[in-house]
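> Numbering (this note's numbering), first residue to last: 440 to 1518. Just so you know, even glycine gets a beta-carbon here, dropped at the ideal spot from N, CA and C.
1. In whole angstroms, what separates the C-alpha of residue 792 from that of residue 1178?
2. Spell out a yes or no on whether the region 811-822 and the region 716-730 are touching, meaning 3 or more CB-CB pairs, one atom from each, closer than 8 angstroms.
3. Could you work out which residue in 519, 538, 1023 and 987 is closest to residue 507 when comparing CA atoms only?
4. Which two residues bound the contiguous alpha helix (DSSP H) that contains residue 829?
5. Taking buried to mean at least 16 other C-beta atoms within 10 Å of its own C-beta, is residue 1231 buried or exposed?
6. Kindly indicate which three-state DSSP category residue 798 falls into: helix, strand or coil?
7. Helix, strand or coil for residue 858? Go by DSSP, reduced to three states.
8. In three-state DSSP terms, what is residue 459?
9. Return the CA-CA distance between residue 1006 and residue 1015, expressed in angstroms with no decimal places.
10. On a Cα-Cα basis, can you pick out the residue from 823, 901, 889 and 910 that is closest to residue 870?
11. Please check the pair residue 1113 and residue 902, which I expect to be a contact at CB under 8 angstroms, by giving their CB distance rounded to whole angstroms.
12. Cutting at 7 angstroms between CB atoms, please list the residues of its own chain near residue 1249, excluding the five before and the five after it.
13. Can you say whether residue 392 is buried or exposed, counting buried as having 16 or more other CB atoms within 10 angstroms of its CB?
14. Quick one, are the C-beta atoms of residue 470 and residue 442 less than 8 angstroms apart?
15. Excluding the 5 residues flanking residue 601 on each side, which residues of the same chain have their C-beta closer than 8 angstroms to its C-beta?
16. Given 8 angstroms as the limit, is there contact between the region 745-759 and the region 823-843, that is, 3 or more CB pairs closer than that?
17. Tell me the residue span of the alpha helix (DSSP H) that contains residue 1073.
18. When the Cα atoms are used, what is the spatial distance from residue 1380 to residue 603?
19. Determine the closest residue to residue 465 out of 941, 478, 492 and 505, with distance taken between C-alpha atoms.
20. Give the secondary structure of residue 955 by DSSP, where H, G and I count as helix, E and B as strand, and everything else as coil.
21. Name the two residues that bound the continuous alpha helix (DSSP H) containing residue 849.
22. Would you decide whether residue 1522 is buried or exposed? Buried here means 16 or more other CB atoms lie within 10 Å of its CB.
23. Check residue 704 in the structure and name its three-state DSSP category.
24. Would you mind stating whether residue 1085 and residue 1125 have Cβ atoms separated by less than 8 angstroms?
25. For the alpha helix (DSSP H) containing residue 1402, list its first residue and its last residue.
26. Leaving out five residues on either side along the sequence, give the residues of the same chain with a beta carbon under 8 angstroms from the beta carbon of residue 1309.
27. If you compare alpha carbons, which of 529, 1246, 905 and 1089 is closest to residue 778?
28. Between residue 941 and residue 1020, is the Cβ-Cβ spacing less than 8 angstroms?
29. So, are the CB atoms of residue 1212 and residue 1296 less than 8 angstroms apart?
30. Between residue 1227 and chain B, is there a C-beta pair that is closer than 8 angstroms?
31. Going residue by residue through the region 1145-1185, where are the continuous beta strand (DSSP E) segments of at least 3 residues, counting only ones entirely within it?
32. Beta-carbon within less than 6 angstroms of residue 549's beta-carbon, same chain only, minus the 5 sequence neighbours each way: which residues are those?
33. Roughly how many angstroms separate the alpha carbons of residue 541 and residue 1259, rounded to a whole number?
34. Excluding the 5 residues flanking residue 454 on each side, which residues of the same chain have their C-beta closer than 8 angstroms to its C-beta?
35. By the DSSP assignment, the alpha helix (DSSP H) with residue 646 in it spans what residues?
36. Check whether the Cβ atoms of residue 574 and residue 533 lie closer than 8 angstroms to each other.
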């Protein structure tokens, strides 16, 4: 009988004498087993909860730590709901639990059980408002001083304090727990933990109900102290010899925390508030000649703007190369991501109609920093005595100017490139010569930086370069071909000159292949009108035979060279030219060419039927130039004659046989990456077989390569590439099917691809929410709308989005933003554990996910459907009467905002918003909402609304300015009405600037009176605005108002275009939010 068993257990546990500690331990363990077997029905016990708790309480007073640990464990199993917890607290057991936490550090088992009990008491199905202050005091004590005492429980205690701060901030704040959290931030050099700690405080700042517990000016700005206090000591008892090392570690922690703070809206708004803000304190430090602080602060700025940090060097070129996104990376090796990984970095995303939300965020932060004098601060570092810091600051200045030109409105970036401070320093003879020379060097370096940006990203590998060149149109190819002729051939086209070059190349009389003049050989192979058909000279044939022998795999001359050989690239390029030369030579060259191809095919056939250890992959393919033979084959596959030659020599049959073999991953990757697919033929058959019949890694790589072909604009991709991608959606490996789905999503940015996909009528329901979002894209064109509407799909989706999908959309978009801005990583399928990574993607993109309403408003029919369901009035009501007291209410408000933003992304939808007059309400929320994350959502939403020219004009009426060009427009044209306004504004900008201490103080004085204003971004549709490039991307918009007081230091940012109220509108509201629709 359970009651009898329980009686015996409690009697033995409560006896002060006569029962050994080992027996008490056994009885406590039996108590847990009994609880698990009879559930928690008090009638089964025969005792009240009070009686059980009183008996168990005695175990916590036992002298043996094992018994106390078992008692804590028993209590943890007993407490299942608020009622039991209240009884435990009424009997003052919490003081005994606190005693167990505070007990000597060696009792780790007991303290672990106490912490597990505390955590469960607070979180799992228990009321956090009942959390006892006695335990909170103990946890905070451990968290505050545990590190000095080398307490191993300190991190666990801080983690519980953070969780408690989210559930019951009052008890933490009143006991000084927030100071403990912020102290721990400066103690922690692990980015994931550091970010979690500072985010806890930022979460409290987000909502007015919890904001009262944080003393912003004192507590949040503690994270700046290691930078702003030159005599900072985290612990007063730090030994003199360890002060420097301790300071470096504190600055690292502070750097992580500052960056994390600028990743959240509450952090940005509080650090950029009017008056003596954190951002002004940081930028002011750049003007103080402290190398250590300047170096740390530059790294902070690089991190905030998601830019790679250059290596420390005094050579500008070396520093510039170290941050080149197209520099060779380990993940681009054949054994890793290969060409697919490189193309994802080098080739731009196809997004045309969807804004990149990261641009909204970066433009907002960039505007705040520029208006606080960042550019002038960087000029001070550039002209300082430290060369390596000056180079870092120059590159940062160049990146920020380039970013400003791309994502800020013309009115906010037109004056930045003048850089009057730097130019005047370089031209003035009133300053020391050394400083003048440094300014001149910086100006020249910025010019070199601009040239590099203007040239754009170039493919690093020969494989990607091969794909891009082969995918060019025939006209472009002819143009580049003729250009290369003009560049190379400076020698007169004469027989004597050709013979002289043959002789000087040393190929006819020198056996050392690598000592041949390969530059001259390349010139001969590209010589106009020279081939074996026109030139029967024996010396020419000897030249060809020598080259043929060098390149044949069987000779092992070219094939045996290492991949990193200093002539590797040149030899491969000449090899491809040699293949083209033989192809152009008709019958005379085809014999030589067939000999070379047959030799390559027999070399490739070595893998067929051999053991894995003897295959190509195990015999130098990964490390020697033999892998470049596939470029020769790819060059041939791009020409009709070459395809016939490959077919004649049996290459395609050999490749098809390789597809079904194991351990051929490297070979098949090379095949996929080099064959030309622009014509219908056997190359596409080989690709199709690899996509369906090869091993999982090969199928995945081949699927990823389809994205490369898409971005490289291979001809007629819509007619064959889309079909291959749809086939991959049904792959049994979910990773492959989801990769194909992601590529299809990008491909549908092109109307031709979208039409092709609708024609294929793919099944997408098995792919979950992502499949649903792709299917919704059908609605953006009449053909797709009719297809789905006939099946009753549209009406069902209207109902689902109204009930649940609008809310799910908020989760989807915020998860993507979190993943881009923080160390958060989505859990792997089937795994509940949220994985995190210290590796940050340098410049992630967050393209706006597909929304039902955004697709419907592309056509008048869809707009009528939204009107019939009264969608806009219902959403507008939510915006005008927000329920900000609960997180559920806030989520509903965000869902309504995103829905309205997506509706306003087209001219049809924008008319619906104007009829409802809801845009002023969104603007009011953006500037005055007391929940700061809602302001952030409004910023993104206004960016989506200003996606069209009409949207820009509507926002312009309310004083918001916007970029009028696409990101990919290299030389944008400013509309006349903007340009006229700017001409008068530019005339008021002084021609000289000074950077003395007096100007610095005047900057602070003027900035306390005039602060910048809220901002936003947009994308223009290519069919709405004739000035735009076909690829449209987001831009940034700001309010404008005259500035009363201009200081010399901030003149670049304080023209009328940078609103005086920019950061004023970010400061916390003193009045309640207006719910009217007044502008």
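Reading from the atomic positions:
1. 21 angstroms
2. yes
3. 538
4. 826-846
5. exposed
6. helix
7. coil
8. coil
9. 14 angstroms
10. 823
11. 7 angstroms
12. 1330, 1333, 1334 and 1337
13. There is simply no residue 392 to check, as the chain begins at 440 and stops at 1518 in what is shown.
14. no
15. 620, 635, 636 and 639
16. yes
17. 1068-1076
18. 33 angstroms
19. 505
20. coil
21. 849-852
22. Nothing can be reported for residue 1522, as the shown portion of the chain is limited to 440 through 1518.
23. helix
24. no
25. Segment: none, residue 1402 is in no alpha helix (DSSP H) and carries neither H nor E.
26. none
27. 905
28. no
29. no
30. Protein chains in the displayed structure number just one, and chain B is not present.
31. none
32. 504, 507, 508 and 539
33. 40 angstroms
34. none
35. Per DSSP, residue 646 belongs to no alpha helix (DSSP H) and is neither H nor E.
36. yes
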